[in-house]
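Numbering-wise (the working numbering), the sequence shown opens with residue 42 and increments by one.
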Amino acid sequence: MKMKKFINAPETITDEELEGLGLANPDILYVDGHLVVSRDLADADRVTVVTYGGSGHEPAQAGFVGKGMLDVQAVGDIFAAPNPKLVLDAIKLADKGHGVLLLTLNYAGDQLAGKQALKMAAKEGLNVRQVVTGEEIQYKADGEDNRRGLAGAVALYHVAAAAAREGRSLDEVAALAQHYADNMASITVKSTDATHPQNGMSFGDLGETDMMEIGAGQHGEGGGVRIPMMSAEKTVAAVADPLCRHLKLAEGDKAFVMINGCGATTMMELLILFKDTVAFLKARGIEVVGSMVGEILTVQEAGGFQMNIAKWDEETLRLWNTSCHTSAFSKEDK
């Protein structure tokens, strides 16, 4: 059956969507080929923040380029890391003489591109620090512990950028980002499969069953457990409990909660899941002091959500409460 997607040609999807992003947000960013660049970068006199990754996960990551978040994102083709030269170009464009923080999601292609880009950057004398996020935790006791990078990195973008805007050194910003990465955890719950927008290939075999998969990774890589669909409250309990145990969250702790829609789950469902997560944590004496709810890092029309919880301290909360302005996420100082 022909895909029911509003595209023009499979081979130009990424080019066309980036052109559209630039046209829709000229006050926030501009697009140069496969580089998405913050307008705020022009006057930056600080450490800058760069990331990279494949398209197909909108709004991430390009949707978080802007004031108070990412300075540059290098965009690869659909679900594919950009080539190392493009990542190097992003680093060079972002460099304002104070160093560049390169944020990488833990996937083989991204890791390889980043490793090669860092080698090239070193040869050119550029000052770059890399932090890799891989916050997915093992859900199935005998499953693979892949530590895949999920949507939790998006909150880290803002915290790291806020620290950079305060004038902190690259080493300080990188250390803060690493601390954040070490104190967050995510699990994906998948209810329906996505399809590849270029060829219609299905990502999985859940089909029309009444099953859901807990621990499904980003693109439906699997490795978790399949069980019958449950209510929002019961699903939250099944996911939030191992996240809390992994983070060693205890009564009196402060936490950030992200409920990220995978692409086809409605905002109604996401808000119910968030409400139940707040209640679950409150019952354990854990205070939710920051949150993101909505489609943040998707996989086309996959059904399901990612729950990300991060253990926060007062400094993280203060940095989070600073302003940012991007096409997908904006907030004012608190």
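Glycine included, each C-beta is placed from N, C-alpha and C at the ideal position.
In the DSSP assignment, Thr229 is bridged to Gln347. The continuous beta strand (DSSP E) containing Ile255 extends over residues 252-255.
Boundaries of the beta strand (DSSP E) around Arg170: 169-174. Membership of Leu82 in any beta strand (DSSP E) is not indicated, and neither H nor E is assigned to it by DSSP. In this structure, Glu342 keeps its C-beta atom at 8 angstroms or more from the C-beta atom of Ala369.
Per DSSP, Gln259 has no beta-bridge partner at all. Three or more beta-carbon pairs drawn from the region 105-115 and the region 71-88 are found closer than 8 angstroms, and the two stretches are therefore classed as touching. C-alpha of Asp282 to C-alpha of Cys303: approximately 21 angstroms in a straight line. Three or more beta-carbon pairs drawn from the region 120-128 and the region 84-100 are found closer than 8 angstroms, and the two stretches are therefore classed as touching. Counting along the chain, Phe315 sits inside the alpha helix (DSSP H) bounded by residues 308-324. The way I'd put it, the region 130-142 doesn't touch the region 227-237; fewer than three beta-carbon pairs between them come closer than 8 angstroms. Straight through space, the alpha carbons of Val280 and Gly265 are spaced by roughly 12 angstroms. Annotation for Arg359: the continuous alpha helix (DSSP H) segment containing it runs 355-361.
If you draw a straight line from the Cα of Ala103 to the Cα of Met252, it is about 32 angstroms long. When the Cα atoms are used, Ala201 and Ala215 turn out to be separated by approximately 8 angstroms.
Residue pairing by DSSP puts Gln114 in a beta bridge opposite Val77, Thr92.
Approximately 7 angstroms separates the beta-carbon atoms of Arg206 and Gly109; this is inside 8 angstroms, confirming the contact.
By the 16-neighbour rule on beta-carbons within 10 angstroms, Lys352 is buried. The DSSP-derived three-state label of Cys285 is helix. Around Pro238, the same chain offers Met44, Lys46, Ile48, Pro51, Ile54, Gly97, Ile119, Gln341 as residues with beta carbons nearer than 8 angstroms, after the five sequence neighbours per side are excluded. Residues of the same chain with a CB within less than 6 angstroms of the CB of Leu144, apart from the 5 flanking positions on each side, are Thr92, Val172 in chain order. Taken through DSSP and simplified to helix, strand or coil, Ala296 comes out as strand.
Per DSSP, reduced to three states, the secondary structure at Tyr180 is coil, with no helix or strand assignment. Between Phe315 and His75, the alpha-carbon positions lie close to 34 angstroms from each other. Counting other Cβ atoms within 10 Å of its Cβ, Ala158 reaches 16 or more and is therefore classed as buried.
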